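Protein chains in written order, with this note's numbering: chain A, 2 to 249; chain B, 114 to 377.
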């Protein structure tokens, strides 16, 4: 008898806890914070920008990082967000069609271009895009900006890339290179690190992608401050440190 | 008898069971509401989708076959042997079930990738590389679904009355013959359950596949990967593909798992 009473008590307690934790989680973001969604390639730069912005304004930034296409899908589906920064204008246009972008808030804040990257030992001695033929390579999937840029580059250079894998974002291309699973891959200049070898492609710098930033309709008023901060000399200096190009 | 048992269920459990069912059913109601049924047939018969379906069936079925061949012995040994150290194996077997599949995929790369400690040998000795191939996708699917099969066999085998086997042995049959003629037929329902669960799990495998086998439209883009691409480009298409997976998995689970419960 006592066991059954105890059991009921536990059940009740459980139900209470479940409801309580659900409620507290769903209103987890504090008042004084801004929800910013940013493309994978912006990870480190935006983490630093968020930190500096907090120092200056006391406004906490909650960052969501994912591939631009994923972010766009989430926003289209009504995700609660204040500011969005993507890796190309085409994806931003997609969000704009749903009228969720605040009119007139859209600005270009950085540019980027692709380089050829190989593992440090470069087993297939790849020196140019032409050498990719017959090698195992990875590029970004065509639905994400770095993938679109890769295809543009292939068309300009008249090369059939024939990649072994279409990775969901630029960081997973880099991981496959770092691990030596592919002989080469195309990544942004901003994604190079000391664990991989990179080769500048002639004329690749001419095909750049523009990074747009915009506030989302119904977002917080501080959104404007954040966008201004990204465009300010302080914000631009951080982006430059991570090798992003300045908007023309 | 059944009515009596049914009456003995405390009302509070009914409430809990009801909430649990609603919680599990809810997302599928949402999905079916949003599925554009008018384009359903058109989408699932597209060439790219059709290719993914075929690939998924090949991958899930091959993975299940491997699960059967490897999981049956392992499940049986885990249930019956008292060899020291099996406790550790028992825990490791469950790891793929609880690990994020992406972590499983990464671990597979370190073992069987081109630079993995086994993969390196496969590459230099046999010129065999698994990432970015259908074989790689099968390995990823096998890795995540094997625990389901092992668990089904282990549970059934440990509940089995050893009397039958003992009498079979005492009548002069060897352990091999006893296993195939006495033990195996008795765990048949569990084998069906194991097949159903591991096949369904293999069919839905995404994280380990995209990490270990990558996304190659011809060789490794199974239905879940196709769904992921669709989610980023054309959400309506993603809903159709999601619904398609629900229908396929549900049919297999109902057909084979129903058989299992009926047999019990």
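Ideal placement from N, C-alpha and C gives every residue a C-beta, glycine not left out. For clarity, every value in this text was computed on a predicted model and none was experimentally measured.
The straight-line gap separating the alpha-carbon atoms of residue 76(A) and residue 239(B) is approximately 48 Å. Taking the CA atoms as reference points, residue 223(A) sits about 19 Å from residue 234(A). For residue 84(A), the pairing in a beta bridge is given by DSSP as 37(A) and 216(A). Between residue 75(A) and chain B, the shortest Cβ-Cβ separation is not below 7 Å. Comparing alpha-carbon positions, the option among 170(A), 161(A), 120(A) and 119(A) lying closest to residue 142(A) turns out to be 170(A). Taken atom to atom, the span from the alpha-carbon of residue 130(A) to that of residue 174(B) is near 39 Å. Any Cβ of chain A closer than 7 Å to the Cβ of residue 245(B) would place that residue at the interface, and such an atom is present. Chain order gives the chain A residues near residue 228(B) as 120, 180, 181 and 182, where near means a beta carbon separation below 9 Å. Taking C-alpha positions only, residue 231(B) is separated from residue 230(A) by approximately 50 Å. The beta-carbon separation of residue 176(B) and residue 266(B), rounded to 16 Å, does not stay under the 8 Å limit for a contact. Against chain B, the beta carbon of residue 217(A) has no neighbour under 8 Å; the closest one sits roughly 18 Å away. In the structure shown, the three-state DSSP call for residue 321(B) is helix.
Not a single CB atom of chain A sits nearer than 7 Å to the CB of residue 338(B). Any Cβ of chain A closer than 7 Å to the Cβ of residue 268(B) would place that residue at the interface, and such an atom is absent. Going by DSSP, residue 158(B) is part of no beta strand (DSSP E) at all; its letter is neither H nor E. Within the segment 132-145 of chain A, contact with chain B at the beta-carbon level (separation under 9 Å) is assigned to 137, 139, 142, 143, 144 and 145. Beta-bridge pairing by DSSP links residue 199(A) to 118(A).
Residues of chain B with a Cβ closer than 7 Å to the Cβ of residue 166(A) are, in chain order, 245, 327, 328 and 329. The beta carbon of residue 151(A) does not come within 7 Å of any beta carbon belonging to chain B, so the residue lies off that interface.
Only buried fits residue 327(B), as 16 or more other CB atoms lie within 10 angstroms of its CB.
Residue 67(A) is outside the set of residues whose beta carbon lies under 7 Å from a beta carbon in chain B. Shown in chain order are the members of the segment 337-368 of chain B whose Cβ falls below 8 Å from a Cβ of chain A: 341, 342, 344, 345, 346 and 348.
The C-alpha of residue 276(B) is placed about 15 Å away from the C-alpha of residue 287(B). In summary, the residues of the segment 204-234 of chain B whose CB is separated from some CB of chain A by less than 7 Å are 222, 226, 227 and 228, in the order they occur in the chain. Per the DSSP secondary-structure output, residue 108(A) pairs in a beta bridge with 214(A). Here residue 317(B) is actually not in contact with residue 213(B); their C-beta atoms are around 14 Å apart, not less than 8 Å. Sequence-distant partners of residue 79(A) (beyond 5 residues in either direction) whose C-beta falls short of 7 Å from its own C-beta are missing from its chain. Chain order gives no chain A residues near residue 251(B), where near means a beta carbon separation below 7 Å; the closest approach is about 16 Å.
Restricting attention to alpha helix (DSSP H) runs no shorter than 4 residues, the segment 293-367 of chain B encloses them at 301-316, 320-325, 336-346 and 348-365, ordered along the chain.
Among the CB atoms of chain B, none fall inside 7 Å of the CB of residue 126(A). For residue 241(A) and residue 247(A), the gap between their C-alpha atoms comes out near 7 Å. When Cβ pairs closer than 8 Å are counted between the two stretches, the segment 257-265 of chain B is seen to touch the segment 299-314 of chain B, the count reaching three or more.
Straight-line measurement puts the Cα of residue 83(A) at about 36 Å from the Cα of residue 201(A). Residue 138(B): not part of any beta strand (DSSP E); member of the alpha helix (DSSP H) spanning 124-147, first to last residue. At least one beta carbon of chain B lies nearer than 7 Å to the beta carbon of residue 70(A).
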